[in-house]
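First up is the structure itself, then whatever we jot down about it.
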Amino acid sequence: EAGFDGEFVRFAPSWSWPKPVQRPHPPILMGGAGGPVTYRHIIEYCDGWMPVSGRSNVVERIGELREASVAAGRDPQTLRFQVFGGRPDSEVLDHYQEAGAESVILWLPPAGADEVLGVLDRYDPLVERYR
Numbered sequence: 008e009a010g011f012d013g014e015f016v017r018f019a020p021s022w023s024w025p026k027p028v029q030r031p032h033p034p035i036l037m038g039g040a041g042g043p044v045t046y047r048h049i050i051e052y053c054d055g056w057m058p059v060s061g062r063s064n065v066v067e068r069i070g071e072l073r074e075a076s077v078a079a080g081r082d083p084q085t086l087r088f089q090v091f092g093g094r095p096d097s098e099v100l101d102h103y104q105e106a107g108a109e110s111v112i113l114w115l116p117p118a119g120a121d122e123v124l125g126v127l128d129r130y131d132p133l134v135e136r137y138r
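As numbered in my numbering, residues 8 to 138 make up the sequence shown, in order.
Printed below as a string of structure tokens:
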């Protein structure tokens, strides 16, 4: 049961079911562009980072975050990486994997079943390759 009674907002006690199966909790990943402030927040509060593909050089930014974690006294091996919006291109996905990304979320169109299923069919060889 959790509730909150602050200066500007109040939440009555509430419950959430089912409870997460991960212990002590599901991984907490911060999204967003890379940079010193984002890196500090990830290092202090999160289990890892979910950069958005195409916004910057994700592989370079992962390296920067690892360096920042060492400087802050956190083992960079404790950080998890999941790339959002990755291109369905094996060369790009190889670079993400080499940089330490555990997973990549590929884009799906907001469309009808036929179009979405067609895109999923085109993704199938990539999914099998990295499984």
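Even glycine gets a Cβ: it sits at the ideal position worked out from N, Cα and C.
> Under the DSSP definition of a beta bridge, which residues are partnered with residue 56?
Replying inline: Walking along the sequence shown from the start, residue 56 turns up at place 49. The partner list for residue 56 (beta bridge, DSSP) reads 37 and 88.
> Should the segment 69–80 be called in touch with the segment 39–50, which here means at least 3 C-beta pairs below 8 Å?
Replying inline: Contact between the segment 69–80 and the segment 39–50 is present: 3 or more CB-CB pairs across the two stretches fall below 8 Å.
> Should the segment 117–134 be regarded as contacting the segment 82–89, the criterion being three or more beta carbon pairs within less than 8 Å?
Replying inline: Between the segment 117–134 and the segment 82–89 there are fewer than three inter-stretch CB-CB distances shorter than 8 Å, so the stretches are not counted as touching.
> Between the Cα of residue 33 and the Cα atoms of 14, 53, 45 and 18, which residue gives the shortest distance?
Replying inline: Counting from 1 along the sequence shown, the entry for residue 33 is found at position 26. Each of 14, 53, 45 and 18 was checked against the Cα of residue 33, and the nearest Cα belongs to 53.
> Rounded C-beta distance between residue 50 and residue 23? I'm assuming under 8 Å.
Replying inline: Walking along the sequence shown from the start, residue 50 turns up at place 43. Walking along the sequence shown from the start, residue 23 turns up at place 16. Rounded, the Cβ-Cβ distance is 28 Å, inconsistent with contact.
> Which one of 13, 103 and 114 has the shortest CA to CA distance from residue 63?
Replying inline: By one-based count along the sequence shown, residue 63 stands at place 56. The shortest Cα separation from residue 63 among 13, 103 and 114 belongs to 103.
>> Just to confirm the assignment, what range does the beta strand (DSSP E) spanning residue 113 have?
In response: Taking the sequence shown and counting its residues from 1, the one referred to as residue 113 is at position 106. In the DSSP assignment, residue 113 falls within the unbroken beta strand (DSSP E) covering 110–113.
> Can you pull the DSSP bridge partners for residue 21?
Replying inline: Taking the first residue of the sequence shown as position 1, residue 21 is located at position 14. Note: residue 21 sits in a beta bridge opposite 9.
> For the putative contact between residue 60 and residue 94, defined by C-beta atoms under 8 Å, what is the C-beta separation to the nearest angstrom?
Replying inline: The residue labelled residue 60 in the question sits at position 53 within the sequence shown. The residue labelled residue 94 in the question sits at position 87 within the sequence shown. In this structure residue 60 is in contact with residue 94, their Cβ atoms being roughly 7 Å apart against a cut-off of 8 Å.
> What's the C-alpha gap between residue 9 and residue 120?
Replying inline: To locate residue 9, count along the sequence shown from 1; it is residue 2. To locate residue 120, count along the sequence shown from 1; it is residue 113. Just so you know, the alpha carbons of residue 9 and residue 120 end up roughly 39 Å apart.
> In the structure shown, what three-state DSSP assignment does residue 42 receive?
Replying inline: Here the question's residue 42 lines up with position 35 in the sequence shown. Residue 42 sits in coil when the DSSP states are folded into three classes, being neither helix nor strand.
>> Between which residues of its own chain and residue 73 is the CB-CB distance below 6 Å, once the five residues before and five after are set aside?
In response: As a first step, residue 73 is located in the sequence shown; it is residue number 66 there, counting from the start. Same-chain partners within the cutoff: 83.
>> Can you list, in chain order, the residues of its chain with a C-beta nearer than 6 Å to that of residue 106? Leave out the 5 residues immediately preceding and following it.
In response: Here residue 106 refers to the residue found at position 99 of the sequence shown. Only 66 and 69 meet the Cβ criterion.
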